[in-house]
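Undergrad: Shown below is the structure under consideration.
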Amino acid sequence: MTAAATGIGSSPRRRDGAELLTGRATFLDDHRPEGMLHAVVVRSEVAHGRIRSIDTTAAESAPGVALVLTGEQAARHAGPVPYFIDPAARGGNRADLRCLAVGKVTHAGQPVAAVVARTRHEAHDAADLVRVDYEVLPHVLDAEAALAQDAPRLYEDWPGNVVMHNRYGTGDPDARLAEADTVVSGEIRIARTTTAPMEPRGYLASWHGDTLTVHASCQNPHQLRWMLATTLGVDEGRIRIVTAKVGGSFGLKMQGHPEETLVALLSRLAGAPVKWVEDRREALLAGAREQTHRFRVGAMADGRIVALVDEIVADIGALTAQAGWAMPNMSATTLPSGYAIPDCRIELDIVVTNKPPLAAARGFGKDAAHFVMERAVDLVARDLGLDPAEVRRRNFVPSDAFPYRTSTGLNIDSGDFEGLLDKTLDAVDHPGVRRRQAELRERGRYLGVGLGFELTPESSDSPGTFVSGFDTTTVRMSVTGMVTVLTGVTSPGGGNDTGIAQIVAAELGVPLAWVELVQGDTDRCPNGFGNFSGRSMVVGGGSATLAARDVRAKLLAVAARLLDTDDVELRDGVATGGGRELPVPEVARALLTRAFAIGDIEPVLESTRAYKPGNIDHVPDEFGRIQPYPTYSSSLHAAVVDVDAETGKVTLVDYVMAHDCGTMINPSLVEGQARGAVTMGLGSALSERLRFDADGRLATDRFKSYLLPRAGDVPLLRMVHQVTPSPFTMHGNKGAGEAGVGGAQAAVANAVEDALAPLGVTVRGVPLTPPAVLALIDEARKGSS
Amino acid sequence: MSTAPTFIRPADLDGVTAALSDGDALIVGGGTMVVPELTHGRIRPSALVDLGRAGLAGVTTAAGTTVVGAMTTYTELEHSAVPLLATMAHGITGGPQIRHRGTVGGSASYANPSSDVPACLVALDARLLLAWAGGVREVAAADFFLGAFRTVREPDEVLAAITVPDVTTFGYVKFKLVEGSWPIVTAATVVRADSLRVVLGGAAPVPAAVTLDLPSAGTADPAWRDHVRTAVTEGIEIAGGPWDDVLAPGEYRARIAPVIAARSVARALDEESR
Amino acid sequence: MTEIRLTVNGVEHAVDVDPRTLLVHAIREQAGLTGTHVGCLTGDCGACTVVVDGRTTKSCSVLAHSADGARVETVESLADGDDLHPVQRAFWDEFAFQCGFCLPGMLLTARELLESTPDPDDEEILRALNGNLCRCTGYNTIVAAVRRAAQEPA
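Chains as they are written, first to last, in the UniProt record's numbering: chain A, 1 to 785; chain B, 1 to 274; chain C, 1 to 154.
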């Protein structure tokens with residue numbers, strides 16, 4: 001690899017490729033310390049009930065069992081799990097959430113007891129012997145039903161089942177609706193899906209005296225340490241969190257799950273290392289999204305949208321300390337996306353039901369805003385007989401209007417949305433698709449094309465929570481010239497470590513191979529916040545840049561003395577100046593071994609820096625709006641689908657994504673993120689859906705019933721890049737981890753509606769499974785007959 | 001209190017039937033269906049009888065009749081010349097790993113309404129050879145399947161082999177939601193001199209067999225489609241009514257079953273089909 | 001517990017396992033080779049793929065006892081020391097993995113395909129990969145990697 005191929009904007013291969021490809025990488029479940037015991041969690045069989053009693057006697061005397069723990073026992077040793085984002089801090093209702101249920105269960109699958117045994121089989125066998133006696137209470141599985149006055153109450157001290165009600169937006173949308181040439185309305189249901197990383201969650205806790213080490217498949221090691229210190233009452237300095245290789249995450253592995261505290265507690269009580277790895281049925285309990293929107297959009301005859309009113313009912317399942325419950329807030333504030341609609345009103349109810357909680361998920365609620373907004377735009381176009389692309393063009397925030405404050409308060413940093421639209425229409429050959437569509441319709445076949453625009457706020461900050469918009473990195477050069485980068489951001493699989501190494505190598509002018517990355521170890525890395533909200537390259541990359549520049553300045557100063565010139569350049573590991581060359585390792589060795597000879601340069605080749613991007617503003621404006629995101633990626637998606645009107649099956653024929661995340665540090669890594677997010681969106685658009693039986697038990701408990709896209713389901717995703725740098729980040733880069741989910745849902749839904757336009761079909765939600773599509777066709781036929 | 005079962009891997013069929021004579025044993029063929037069930041504690045047998053060394057794999061053909069050993073894998077079938085079954089095996093879900101391991105006998109014995117195998121065996125008029133310690137008996141495929149996950153096989157019996165008559169003209173269409181789902185409806189068509197035999201899988205708890213007229217005006221002919229709809233609806237009722245599970249409701253299966261049936265006829269008759 | 005014999009990557013292991021023990025657990029915990037992953041335990045995701053007597057197999061759906069006497073190859077056997085197999089190199093060059101958890105299944109399945117079908121078309125590649133789930137990449141780069149490996153000398 002030449003130096004030229006590793007700089008910012010190039011795509012060197014993943015630095016951890018060899019260990020992953022050869023099976024040498026160590027994931028959580030690969031750790032097996034001497035004397036380790038296995039934990040199994042006993043979960044509630046009922047959706048809502050009071051725990052009358054738990055009989056653990058048979059389990060305790062089963063072979064190999066070291067410990068059986070109930071909720072009441074656990075509560076003597078561990079406090080409530082602190083919230084990643086506390087609802088009370090946002091004026092909402094909260095509940096004390098424990099690692100094992102105490103007194104009452106609020107969803108099937110909730111942990112009620114735990115068993116620790118020598119082997120996995122023994123732990124499972126004993127767990128089957130734990131008898132829990134429930135007084136079954138009436139349950140509610142649907143958010144709309146949960147809003148009823150007489151609905152079963154999950155948390156008895158709340159006035160209802162609403163965590164919080166919020167209203168967002170400015171202007172006078174009712175007046176604008178009254179003046180509009182047309183008002184279109186719709187109801188959209190986004191079904192419950194899940195993130196389903198290939199590696200489930202897992203934790204391994206070991207105590208040495210009063211010092212705790214936790215290996216975790218987790219995105220946020222520092223927050224996990226803080227949280228365990230709180231729940232267990234242990235000095236934070238006595239806890240070390242190590243996130244080994246993480247096998248995918250997508251938000252699921254942000255901390256706040258009950259098992260984190262539980263496993264640490266089990267290990268303490270058992271006096272041995274304890275490991276718990278969830279099985280796939282447990283992993284599939286975690287929800288990712290579920291909302292209903294009722295919207296009205298006012299538009300003028302030329303397609304200009306003048307008002308948006310949206311009422312959102314978000315079903316978060318039972319309350320969780322994880323960040324998942326808070327996602328619907330972002331559904332509301334991301335509206336009206338990248339469209340210039342000053343008059344908006346978004347009403348949001350975040351509602352609890354007796355289903356498992358939502359866990360944070362790629363998109364973090366923004367996906368729902370994109371899906372709904374893009375459906376609304378298509379409905380306006382349909383109503384007015386206009387081209388959906390033109391309606392978008394007419395309403396986009398223009399390229400010269402940035403930074404642009406939206407009605408809900410977000411301050412969009414930069415973008416060129418029309419540019420994305422042009423690139424997308426060109427790449428998908430929009431006129432060609434229309435021609436083919438007409439030909440196929442003659443033959444009774446249904447081809448359709450749909451667009452979906454996405455504006456993705458990234459790298460969020462929320463004061464007083466575990467969500468932080470800055471991060472910290474140490475860059476250290478050793479006496480041999482090798483570089484160690486220790487950073488607070490983590491990589492659950494996306495490869496930001498390679499991108500950060502590229503930045504550091506470029507700043508220091510050394511080969512990429514000299515740079516070693518350390519992430520996910522609270523004893524080694526500086527304080528940080530891990531991975532979420534597309535933040536890793538923005539704040540991890542930014543802080544690494546600052547720290548590397550400090551080290552670079554020191555190297556230049558030393559080299560200047562050694563080369564006796566002020567004009568020194570660092571490149572490819574060599575300092576050049578005054579017609580002479582000096583390898584960078586010699587510069588480092590000179591400073592660190594001949595510090596007194598060098599003179600008044602402080603002999604340290606190390607810097608720790610934090611990076612705070614611009615554009616974040618937590619002081620509420622006159623409308624009470626805050627601005628928690630520095631930067632906004634944007635993308636435009638086009639899907640071409642073929643719909644089999646006899647079976648309802650949707651086949652993806654083509655897919656284009658024009659993507660703008662500002663400067664790309666490593667374009668191949670960016671594309672990887674985008675392809676993964678789009679594919680997750682395609683799954684939620686067409687096949688993925690968590691279903692529960694009437695008693696609230698998960699019915700889709702394996703990958704034969706919860707249907708992730710497989711290789712044969714996904715067309716070639718054709719990517720086009722546009723680069724509109726952010727003025728508020730170090731390299732002009734924007735987040736690149738989340739864009740794709742909502743855009744894919746919208747593009748597919750709009751394409752299906754377009755394909756079935758001759759039948760008059762109106763799409764009302766996702767997933768568009770074959771039975772759902774046939775039902776839409778039936779509905780349209782009934783409506784027209 | 002569950003305890004570890006015993007494990008036995010007999011070296012021949014006699015060993016298998018002897019091991020089964022106590023009852024309550026779980027037969028493990030390729031393992032792709034029953035091993036996950038065992039892992040998740042859904043079945044708790046006292047003994048495991050593995051067929052891997054019992055010599056029950058392989059395909060032999062003589063005098064227009066093919067005998068398929070129960071332990072013949074999908075991969076072996078795929079590369080065999082057994083009509084319909086080779087086509088079916090090629091399209092089995094789960095990747096090559098499952099086709100290398102899953103067996104035709106295992107799938108027949110498991111009798112999942114959503115599996116490909118049962119309806120294909122019925123379409124072929126296959127005969128299933130059941131062995132027990134006291135001897136053997138042969139059962140027509142149409143009589144073998146009693147309901148969802150239920151067959152006439154007694155606990156002390158093992159499905160040893162399947163006899164398949166020679167069939168030359170057939171069509172097979174499988175409808176899945178996406179690559180990873182169980183089949184929702186399958187249709188296997190065997191063309192006879194003056195009629196069509198179509199057997200639907202996934203549509204009902206057991207394979208639904210119907211006899212159809214040849215489409216004189218093509219499979220798109222609305223009158224013939226009406227005939228298919230009527231016949232298939234009746235066939236599904238006889239087979240126990242529409243099968244319903246978390247992937248697709250019964251009414252959906254009933255709705256698309258005639259469509260898939262017509263497509264498999266089109267394929268059997270070599271019409272252009274989608 | 002009964003003793004069984006497994007030859008894993010050419011090394012014979014005699015291991016004591018409960019009859020319910022899965023092959024994947026015997027490989028990971030008794031033979032100590034953790035490159036093979038557990039993703040679902042239902043035979044659906046393919047992360048546990050190994051080669052048993054020459055054929056790819058989902059080792060979560062095989063009892064360890066059923067593999068008594070078998071010759072097993074895992075992802076650890078693909079490279080020759082530091083010398084990666086062409087399939088591994090192609091996956092690296094094409095960014096055909098992110099978290100890497102699905103890799104054992106993807107790599108071993110791809111190698112098997114290329115051994116039987118040296119120049120596969122896209123349909124053959126997809127049919128081979130359909131038994132392996134990946135949640136990170138969206139599969140396009142994996143397909144590209146298989147195509148690239150097909151073009152490289154073994």
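C-beta atoms are modelled at their ideal positions from N, C-alpha and C, and glycine is treated no differently.
Quick caveat, the model's predicted, so the values are computed rather than measured.
1. Tell me which residues of the UniProt domain "2Fe-2S ferredoxin-type" (2-78) of chain C have at least one Cβ-Cβ distance to chain B shorter than 8 Å, keeping chain order.
2. For residue 213 of chain B, which residues of its own chain have a beta-carbon under 8 Å away from its beta-carbon, when the five flanking residues on both sides are left out?
3. Any idea what DSSP makes of residue 120 of chain B, helix, strand or coil?
4. Is the CB-CB distance between residue 154 of chain A and residue 329 of chain A below 9 Å?
5. Classify residue 310 of chain A as helix, strand or coil using the three-state DSSP reduction.
6. Please identify, using Cβ separations under 8 Å, the residues of the region 26-37 of chain A that lie next to chain C, in order along the chain.
7. At a cut-off of 8 Å, would you count residue 723 of chain A as near the ligand NAP, judging by its Cβ distance to the nearest heavy atom?
8. Checking contacts by CB at 9 Å: is residue 101 of chain B closer than that to chain C?
9. Tell me the rounded alpha-carbon separation between residue 230 of chain B and residue 150 of chain B.
10. Taking just the CA atoms, how far does residue 424 of chain A sit from residue 779 of chain A?
11. Okay, do the region 74-93 of chain A and the region 3-15 of chain A touch, 3+ Cβ pairs below 8 Å being the bar?
12. If you follow the alpha helix (DSSP H) that residue 743 of chain A is in, where does it begin and where does it stop?
13. Alpha carbon to alpha carbon, how far is residue 98 of chain B from residue 427 of chain A?
14. Please report the straight-line C-alpha distance between residue 245 of chain A and residue 30 of chain A, rounded to a whole angstrom.
15. Compare the C-beta of residue 739 of chain A with all C-beta atoms of chain C and state if any pair is closer than 9 Å.
16. With distances taken from CA atoms, which of A:159, A:456, A:390 and A:449 is nearest residue 367 of chain A?
17. Between the Cα of residue 708 of chain A and the Cα atoms of A:678, A:500 and A:86, which residue gives the shortest distance?
18. If you follow the alpha helix (DSSP H) that residue 270 of chain A is part of, which residue opens it and which one closes it?
19. Assuming residue 454 of chain A and residue 743 of chain A form a contact by the criterion Cβ under 8 Å, report the distance between their Cβ atoms to the nearest whole angstrom.
20. Between residue 306 of chain A and residue 343 of chain A, how many whole angstroms is the CB-CB distance? I'm expecting something under 8 Å.
21. If the cut is a Cβ gap below 8 Å, which residues of chain C does residue 77 of chain B touch?
22. Among residues of its own chain, excluding the 5 on either side of residue 174 of chain B, which ones have a beta-carbon nearer than 7 Å to its beta-carbon?
23. DSSP on residue 305 of chain A, reduced to helix/strand/coil?
24. Pair every Cβ in the region 110-127 of chain C with every Cβ in the region 687-700 of chain A, then say whether three or more of these pairs are closer than 8 Å.
25. Using the beta-carbon count (16 or more within 10 Å), is residue 782 of chain A buried or exposed?
26. Run the CB neighbour count on residue 623 of chain A, radius 10 Å, all protein chains shown included, and call it buried at 16 or more, exposed below.
27. Residues of the region 747-772 of chain A with a CB closer than 8 Å to any CB of chain B: list them in chain order, please.
28. Please report the straight-line C-alpha distance between residue 474 of chain A and residue 515 of chain A, rounded to a whole angstrom.
29. In the region 81-95 of chain C, which residues sit with their C-beta less than 7 Å from some C-beta in chain A, listed in chain order?
30. Per DSSP, which residues does residue 275 of chain A bridge with? Please list them.
31. Is it true that the CB of residue 60 of chain B sits closer than 9 Å to the CB of residue 30 of chain B?
32. Taking the continuous beta strand (DSSP E) assigned at residue 291 of chain A, which residues delimit it?
33. Within 10 Å of its beta-carbon, does residue 596 of chain A have 16 or more other beta-carbons around it, so buried, or fewer, so exposed?
34. If you run the structure through DSSP and keep just helix, strand and coil, what is residue 537 of chain A?
35. Identify which residue in A:642, A:570 and A:227 has its Cα closest to the Cα of residue 436 of chain A.
36. Can we say the region 136-145 of chain A touches the region 391-402 of chain A, given the rule of at least three CB pairs closer than 8 Å?
TA: According to the structure shown:
1. 2, 18, 19, 20, 22, 41, 42, 43, 44, 46, 49, 55, 56, 57, 58, 60, 61, 62, 63, 65, 66 and 68
2. Residue mapping note: residue 213 of chain B aligns to position 213 of the second sequence, counting from 1. Cβ within range, chain order: 195, 196, 224 and 227.
3. Within the second sequence, residue 120 of chain B is the residue found at index 120, counting from 1. Note: residue 120 of chain B maps to helix in three-state DSSP.
4. Within the first sequence, numbered from 1, the residue matching residue 154 of chain A stands at position 154. Within the first sequence, numbered from 1, the residue matching residue 329 of chain A stands at position 329. Contact flag unset, no.
5. For the purposes of this step, residue 310 of chain A is taken as the residue at position 310 of the first sequence. Look at residue 310 of chain A here: in three-state DSSP terms it is strand.
6. Taking 8 Å as the Cβ-Cβ cut-off against chain C, the residues of the region 26-37 of chain A that qualify are 26, 27, 29, 30 and 32.
7. The ligand NAP is not part of this structure, which contains no ligands at all.
8. On the second sequence, position 101 is the one that residue 101 of chain B refers to. Yes, residue 101 of chain B counts as interfacial toward chain C.
9. Numbered from its first residue, the second sequence carries residue 230 of chain B at position 230. Numbered from its first residue, the second sequence carries residue 150 of chain B at position 150. Straight-line Cα distance between these residues: approximately 27 Å.
10. If you number the first sequence from 1, residue 779 of chain A lands on position 779. If you number the first sequence from 1, residue 424 of chain A lands on position 424. A straight line joining the alpha-carbon of residue 779 of chain A with that of residue 424 of chain A spans about 32 Å.
11. Between the region 74-93 of chain A and the region 3-15 of chain A there are fewer than three C-beta pairs closer than 8 Å, too few to call the two in contact.
12. Position 743 of the first sequence, counted from the start, is the residue given in the question as residue 743 of chain A. Looking at the DSSP string, the run of the alpha helix (DSSP H) that includes residue 743 of chain A is 741-755.
13. Residue 98 of chain B sits at position 98 when you count from the first residue of the second sequence. Residue 427 of chain A sits at position 427 when you count from the first residue of the first sequence. Their Cα atoms are separated by approximately 38 Å.
14. Within the first sequence, numbered from 1, the residue matching residue 245 of chain A stands at position 245. Within the first sequence, numbered from 1, the residue matching residue 30 of chain A stands at position 30. So the alpha carbons of these two residues sit roughly 10 Å apart.
15. As a working mapping, residue 739 of chain A is identified with position 739 in the first sequence. No, residue 739 of chain A lies away from the interface with chain C (no Cβ there is under 9 Å from its Cβ).
16. To locate residue 367 of chain A, count along the first sequence from 1; it is residue 367. Out of A:159, A:456, A:390 and A:449, A:456 has the C-alpha closest to the C-alpha of residue 367 of chain A.
17. Translated into positions along the first sequence, residue 708 of chain A becomes position 708. Distance from the Cα of residue 708 of chain A is smallest, within the candidate group A:678, A:500 and A:86, for A:678.
18. On the first sequence, position 270 is the one that residue 270 of chain A refers to. Taken as a continuous stretch (DSSP letters only), the alpha helix (DSSP H) holding residue 270 of chain A covers 258-270.
19. Reading the first sequence from its first residue, position 454 is the one you call residue 454 of chain A. Reading the first sequence from its first residue, position 743 is the one you call residue 743 of chain A. With a beta-carbon spacing of about 4 Å, residue 454 of chain A and residue 743 of chain A fall inside the 8 Å limit used to define contacts.
20. In the first sequence, the residue the question calls residue 306 of chain A occupies position 306. In the first sequence, the residue the question calls residue 343 of chain A occupies position 343. Between residue 343 of chain A and residue 306 of chain A the Cβ distance is about 6 Å, and since that is below 8 Å, they are a contact.
21. Within the second sequence, the letter at position 77 stands for residue 77 of chain B. Chain C residues near residue 77 of chain B: none, gap ~14 Å exceeds 8 Å.
22. Locating residue 174 of chain B in the second sequence gives position 174, counting from the first residue. Only 91, 116, 183 and 186 meet the Cβ criterion.
23. The sequence position of residue 305 of chain A within the first sequence is 305, counting from 1. If DSSP states are grouped into helix, strand and coil, residue 305 of chain A belongs with the strands.
24. The region 110-127 of chain C vs the region 687-700 of chain A: no contact.
25. The residue labelled residue 782 of chain A in the question sits at position 782 within the first sequence. Under this definition residue 782 of chain A is an exposed residue.
26. To locate residue 623 of chain A, count along the first sequence from 1; it is residue 623. Looking at its Cβ environment, which holds fewer than 16 other Cβ atoms inside 10 Å, residue 623 of chain A is exposed.
27. 769, 770 and 771
28. Looking up residue 474 of chain A in the first sequence gives position 474. Looking up residue 515 of chain A in the first sequence gives position 515. When rounded, the distance between both Cα atoms is 12 Å.
29. 84, 88, 91, 92, 93 and 95
30. Walking along the first sequence from the start, residue 275 of chain A turns up at place 275. BP columns for residue 275 of chain A point to A:38 and A:204.
31. Working through the second sequence from its first residue, we reach residue 30 of chain B at position 30. Working through the second sequence from its first residue, we reach residue 60 of chain B at position 60. With a cutoff of 9 Å on beta-carbon distance, residue 30 of chain B and residue 60 of chain B are scored as not near each other.
32. Taking the first sequence and counting its residues from 1, the one referred to as residue 291 of chain A is at position 291. Element bounds for residue 291 of chain A: 289-299.
33. Within the first sequence, the letter at position 596 stands for residue 596 of chain A. The residue in question, residue 596 of chain A, is exposed, as its Cβ has fewer than 16 Cβ neighbours within 10 Å.
34. The count along the first sequence starts at 1 and reaches residue 537 of chain A at position 537. Helix, per DSSP.
35. Taking the first residue of the first sequence as position 1, residue 436 of chain A is located at position 436. Looking at the Cα atoms, A:642 is the closest of the given residues.
36. no
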